[in-house]
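Respectively, the protein sequence lines represent chains A and B. In terms of the working numbering, the first sequence is numbered consecutively and its last residue is 196. In terms of the working numbering, the second sequence is numbered consecutively and its last residue is 349. Note that CB positions come from ideal geometry on N, CA and C, so glycine has one too. Structure record follows, encoded as C-alpha cells.
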Amino acid sequence: MPTLTKSSIVGKISHGYTSKSMNLDNIKKKFEEQYFLESDAVFRFCFFRVSNREVSLDLVQEVFMRYWDALSQNKVIGNDRAYLFTISRNLIIDYYRKKKAVSLDKILEEVDDGSMILVDHTAISEVSVEARYVSEKINELPETDRQVVYLRFIEGLKPKEIAEVLKLSSNVVSVRLNRALEKLREIVGIDINEDE
Amino acid sequence: MNNEKFKKGIEDLKNISMSESERYAVKSNLEFYIETSTPKSVKSVWYSNFSFLYSRTYALAFVLVLMVVSGLNTFSSAKSALPGDNLYSLKVGVIEPLQYAMTVGEVARANLEVQNIDTRLREAEILEIQGRLSDAISLDLQTRISLHSDNFKVLVSNISTTSVAEDNSEVELDLEAKINAHTRIIDSIQSEVSNDGNIMKIRDSIERKVPEGPELDGDESPKIMMFSASSAEEEPASSTISNISSTSNDDFIEDDKFIEKKEDTERLIKSARENLDRIRNSKNINSRILEDAENTVSDAENALKNANNENKSGNRSNAYKSLLNSRKKVKEANTSIEVSQDLPIIKRD
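What follows is the structure, given as C-alpha cells:
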C-alpha cells in the first residue's frame, strides 16, 4: 500500500477562496468524473516513468490535488486530460530532481526533455512478457520519440493533446510520431500503423 | 514477435492500473483534501458581523436604517417632553408643525389646535405638580396657548364660511369642554399644591379671553367661549350652546341629526362610565380630579334626560341646547379622566 497519510496532505492544503461564479457542487462532480476516467492513465504514466508503484500512487494523489486546486480557483483548463498529463509530467520531473540516489546529471539529461524512463525492469515484472517486450522496444527509440509513442499508443492521446502535454506544436508531434513509427517498424520487424 | 503479440503487449500495458484498494485509498485522501481546503472552512481575520458595511450600498442602507430608527426613537421621546427638557424644542418646533402641515382640512386642523391647547395645559399641570413651573415656562406656555387659540379662531371662521354649521359648533364644543375640564383640574391642583401660583396665571390667561355666559342649567362650571367671532360686549352669552337659543326657528334642527347626536352622546356617556368604573379603585389616580369627572358625567346624564324631555314636549330648540350641553359635559369628563391618569399623583402636605 502507498504511504498516503492525511497529515502529509494537510500540509499541502492551499486556502484559496473559490470564485463567486463557481458552483462547488459542479466542481466536485467534474473532479470525480475526471478521477474516474483518468486516474488509471495518470497512474500508468507515472508508473512507467518512476518504476515504483507506491511513488506512482503518491504522484497520482498529488496530480489530482493540484487539479482540484486549479478547478477551485476557476483556472481555465482547455483539455482536462492533457492538463492531467502535464501536471504528471512536471511532478515526475520534480520527483527525479529531488531523488538523491540517482545521479543528478543523468536525471536532468533524461528528464528535462520529457523522455521516458523505463530502466527498472522490476517495476514492470508484474506485467506479461508481451507487455515487457513492447516497453523494451519503446525504450530503444530515441529519447525524444519515446514519450510521443507512449502517449499515442498506450494512452491514446491525439497529436494535439500530446502537443499540449509536451509543450510542442502539433506538427512537431506528428513528425516525431511518424519518425518513431518508422523506427519501431525497423526494430520490431512488423508493420505498425498509427491507428493501432 | 508477430503483429498480434505486439498488439497484445500494448493492450497489456494499457491494462496496468491501480487496484481497487489503491484507488479507494487515494480517493479517500483526496476527499479529505477537498473537504479541508474548501473555502467555507476558512474565515478571514478581517471578517466581522459588520463586514457587509464594506459594500457602499449596504453601508448606505445601514446608515439610513440607523437614522430612521434613531429618528423614530427621538420623535417618540420628544412627544412626551416637557418645557425645559432638551427635546421639547423638537416637539413644539418640528413635530407639531409637521403634524399640522400633514393635516388636511380646516376642521381637522382646528381639532389639532384644540389638541395642542390641551397638551400645553397638561404640560403646565404636570410641571406644577412637579414644582417645575417657573415664571419663564409659565409665560412661554401662555404665549403658545395664545398662538394656538389665535390660529384656532382663524380656522373656525374659515369653517363657518366654507362648511356646515355643525362642524363649526362641534369643534368649538370640543374646545369649550377641554378648557372647562382643565380649569377645574387647575383649581384642584392649586388647592392641593402650594407653589408660586404660576399655574393660575395660565388659568387666568385663558379666562381673560372669555366672558362668562349665563347659566344654562344651573351648573357651576365656567361657561367659556373663547373664540367666538363676536365680541363679548356684543353678545355676552356667546357660547356655542347659547347661540342655539338665539335661533327662534325650531325647525332648523332636523330629527335625524338630533337622534344621531343623542345616540353619539349616549355612547360617550357609556364609555365615560366604563372608564370611571375601570380606574375608580386605582391607587395611582388623583382622586379629586376623578371625583370631579364623576360629577360631570352625572351632569351630562341629567342634561341628556332634559334634552329627551324637551324633545318630547316639542321644544326642539331647548332639547338641542340640552343635548349639546350634555355632549360638552361628557367631553369634559373624558378629558378629566384622561388627565387624571396622566398626571403625577399630588402629594398632600
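Boundaries of the alpha helix (DSSP H) in which K79 (chain B) is found, first to last residue: 56-79
DSSP three-state assignment for P83 (chain B), whether helix, strand or coil: coil
Interface residues of the stretch 140-158 of chain A facing chain B [CB-CB below 7 angstroms]: F153, I154
Supposed close pair V134 (chain A), I16 (chain B) - CB separation, criterion 8 angstroms: Not a contact, Cβ separation roughly 12 angstroms.
Limits of the unbroken alpha helix (DSSP H) element including K257 (chain B): 255-279
Closer than 8 angstroms to chain A by CB, F6 (chain B): yes
Helix, strand or coil at K160 (chain A) according to DSSP, with G and I counted as helix: helix
Where Y35 (chain A) meets chain B, residues with beta-carbon distance less than 8 angstroms: K27, L30
Cβ-heavy atom distance, K91 (chain B) to the ligand NAD, below 7 angstroms: As presented, the structure is devoid of all ligands, the ligand NAD included, so that no description of it is given.
Beta-carbon proximity check, L323 (chain B) vs K262 (chain B), cutoff 8 angstroms: yes
Top-ranked residue by Cα proximity to N171 (chain A), from A:K183, A:E182, A:K158: A:K158
Assigned secondary structure, D145 (chain A) (DSSP; H/G/I helix, E/B strand, else coil): helix
Identity of the residue in B:M67, B:L66, B:I202, B:E35 nearest T183 (chain B) by Cα: B:I202
Span separating the alpha-carbon of D69 (chain A) from that of S51 (chain A): 27 angstroms
CB-CB length for R144 (chain B) against R122 (chain B), believed under 8 angstroms: Actually they do not touch by this definition, with Cβ atoms about 13 angstroms apart.
Same chain, Cβ closer than 7 angstroms to L13 (chain B), five either side skipped, listed in chain order: none
Presumed contact (8 angstroms Cβ cut-off) between S326 (chain B) and A303 (chain B), rounded CB distance: 4 angstroms
Contacts that M18 (chain B) makes with chain A (C-beta to C-beta distance below 8 angstroms): S39, D40, F43, L57, V60
Simplified DSSP assignment, three categories, for D196 (chain B): coil
Boundaries (first-last residue) of the alpha helix (DSSP H) holding K28 (chain A): 24-50
Minimum Cβ-Cβ distance from I190 (chain A) to chain B less than 8 angstroms: yes
Spatially closest choice to S21 (chain B) from A:E54, A:R179, A:E161, by CA coordinates: A:E54
CB contact flag (L71 (chain A), K29 (chain A), <8 angstroms): no
Distance between beta carbons of I159 (chain B) and N168 (chain B), contact taken as under 8 angstroms: 5 angstroms
Residue closest to K8 (chain B), alpha-carbon to alpha-carbon, out of A:R185, A:R132, A:E140: A:R132
The stretch 84-92 of chain B / the stretch 307-321 of chain B touching (three or more Cβ pairs under 8 angstroms): no
Closer than 8 angstroms to chain B by CB, Y83 (chain A): no
Contact set between E161 (chain A) and chain B, taken where Cβ atoms lie within less than 8 angstroms: Simply none; closest approach about 16 angstroms.
Residue nearest to E62 (chain A) in terms of C-alpha spacing, selected from B:S77, B:Y33, B:V65, B:N286: B:Y33
Proximal residues to A41 (chain A) (C-beta, below 7 angstroms), its chain only, five neighbours per side dropped: E155
Nearest candidate by alpha-carbon position, reference A319 (chain B), set B:L173, B:D255, B:S282: B:D255
C-beta neighbour in chain A for R23 (chain B), strict 8 angstroms: yes
Neighbourhood of R44 (chain A) by C-beta, 8 angstroms cutoff - its chain only, sequence neighbours within 5 removed: I154, E155
Beta-carbon gap between I189 (chain B) and S336 (chain B) smaller than 8 angstroms: no
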